[in-house]
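Peer 1: In our numbering, the protein residues as written are 471 to 609.
Dropping the structure in here first, questions after.
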């Protein structure tokens, strides 16, 4: 009888331990959203620019990326904004960055594996980084 109780207790513990290990396999993410900024003629671009809101929601729901970042840049001496949207990669220390205008059109792309080239430097010469708008990073 004691052996039976001991076996049942051990079985119960193994089941509980197995359930905990399943929960640990679900990836955990840090999500940051900045809703305290105005750009492109709207308050809170993350909520009020449709393509940008969809971009963020897509990666929040995807759950299989290492990291995604969105930075806001402003063209110096102009009321023009550019969103730098990282395209996730499963390769560490590599990403591709798309620079998009307020409509979401890609106006420049750059891969971080390559050193900055003259076209990248020319594109960035009149841009200043304003703020990080969004990131999702696997923990």
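Glycine is no exception: its CB is placed at the ideal position from the N, C-alpha and C atoms.
In this text the structure is predicted, and so the values were computed from the model without any measurement.
Check this for me: beta carbons of residue 509 and residue 551, under 7 Å apart or not?
Peer 2: Closer than 7 Å, so yes.
Peer 1: What residue range is occupied by the uninterrupted alpha helix (DSSP H) comprising residue 525?
Peer 2: Counting along the chain, the alpha helix (DSSP H) containing residue 525 begins and ends at 520-532.
Peer 1: Per the DSSP calculation, residue 508 is bridged to which residue(s)?
Peer 2: DSSP lists 513 as partners of residue 508.
Peer 1: Just the Cα atoms here: how many angstroms apart are residue 581 and residue 557?
Peer 2: Answer to the nearest angstrom: the Cα atoms are 9 Å apart.
Peer 1: Out of 604, 505, 537, 533, state which residue places its alpha-carbon closest to the alpha-carbon of residue 497.
Peer 2: The shortest C-alpha separation from residue 497 is found at 533.
Peer 1: Take residue 590 and list the residues in its own chain whose beta-carbon comes closer than 8 Å to its own, dropping the five residues that flank it on each side.
Peer 2: So the qualifying residues of the chain are 578, 580.
Peer 1: Residue 539 and residue 608 - do their beta-carbons sit closer together than 7 Å?
Peer 2: It is not a contact, given that the beta carbons lie outside the stated cut-off.
Peer 1: Please go through the same chain and pick out, in chain order, the residues whose beta-carbon is closer than 7 Å to the beta-carbon of residue 530, but skip the five residues on each side of it.
Peer 2: Counting only Cβ-Cβ distances below 7 Å, and skipping sequence neighbours, we find 501, 606.
Peer 1: Report the CB separation of residue 545 from residue 596 in whole angstroms; it is logged as a contact under 8 Å.
Peer 2: Going by Cβ atoms, the distance from residue 545 to residue 596 rounds to 6 Å, so yes, they are a contact pair.
Peer 1: Buried or exposed for residue 588, going by 16 or more other Cβ atoms inside 10 Å?
Peer 2: Exposed.
Peer 1: Please go through the same chain and pick out, in chain order, the residues whose beta-carbon is closer than 6 Å to the beta-carbon of residue 571, but skip the five residues on each side of it.
Peer 2: 577, listed in sequence order.
Peer 1: Tell me whether the beta-carbon of residue 512 lies closer than 7 Å to the beta-carbon of residue 518.
Peer 2: Yes. Within cutoff.
Peer 1: Identify which residue in 564, 568, 547, 521 has its Cα closest to the Cα of residue 535.
Peer 2: Nearest C-alpha to residue 535: 564.
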